[in-house]
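Accompanying notes for the structure given below.
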Amino acid sequence: EREQKQLLSQVKSRCVAGKDFHLSSGPAGAAQHTNEPLHALGEELFGRVASEVVGQLTPAQIESEPSFRRMRRAHTGEEPVAIDSVTGVVYGSRKLDLHNHTDLDRPLYTMSLALGDACDFTVGCKTVRPHKNERSGKPVTLRMESGDAMFFDGGSVPHAVGPLHPGSG
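Remember, our numbering sits 410 above the position in the sequence shown when you count from 1.
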């Protein structure tokens, strides 16, 4: 809970209900547009996920999913995590949820972090106009509580947010 409050205090000034916002981008150490504490937090969260993936899954399970293989490479140091961008979306009083989409037409290893009220997060539902690298299937919806983080391939795997659960945060 302390980490969540600390993170919220770092991003709150950029938050405008119903808007997307940019917090930081570029390689670590870059003078322009980089917020080192947020990049460091991103690296720490990816490190935690990598440790859990390697600790909880069998080698066969890890090998079966590109995102798990990426986490294994981060865990072993073969391919260290490099946070390129920290952005956010404030849902607040937003009437529209984040529609089903992919972020790119290629892999983009993404971490979604919930702060505040819980939301439903759905992955896997085929988009209206799928691109050739889209990976869809039976949709899975998870309720993300404040502080929950999800690592996935946001570039290739469709995902959506909504509805929010007001008063749950």
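Just so you know, even glycine gets a beta-carbon here, dropped at the ideal spot from N, CA and C.
query	result
To the nearest angstrom, how far is the alpha carbon of residue 459 from that of residue 538?	31 Å
Under 9 Å between the Cβ atoms of residue 436 and residue 530?	no
From the DSSP output, which residues share a beta bridge with residue 563?	519
Looking only at DSSP bridge pairs, what is residue 551 linked to?	532
Given a cut-off of 9 Å, decide if residue 554 and residue 528 are closer than it, judged by their beta-carbon atoms.	yes
At which residues does the alpha helix (DSSP H) containing residue 577 begin and terminate?	No alpha helix (DSSP H) holds residue 577; DSSP gives it neither H nor E.
So what's residue 509 in DSSP terms, helix, strand or just coil?	strand
Is residue 569 helix, strand or coil by DSSP?	strand
If you drop the 5 nearest sequence neighbours on each side, which residues of the same chain put their C-beta closer than 8 Å to that of residue 484?	456, 457, 460, 490 and 491
Less than 9 Å separating the beta-carbons of residue 507 and residue 574?	yes
Please give the ranges of any alpha helix (DSSP H) in the segment 441–494, keeping only runs that are unbroken, at least 4 residues long and fully inside the region.	446–466, 469–473 and 476–486
Is it buried or exposed for residue 550, if we count other Cβ within 10 angstroms and need 16 for buried?	exposed
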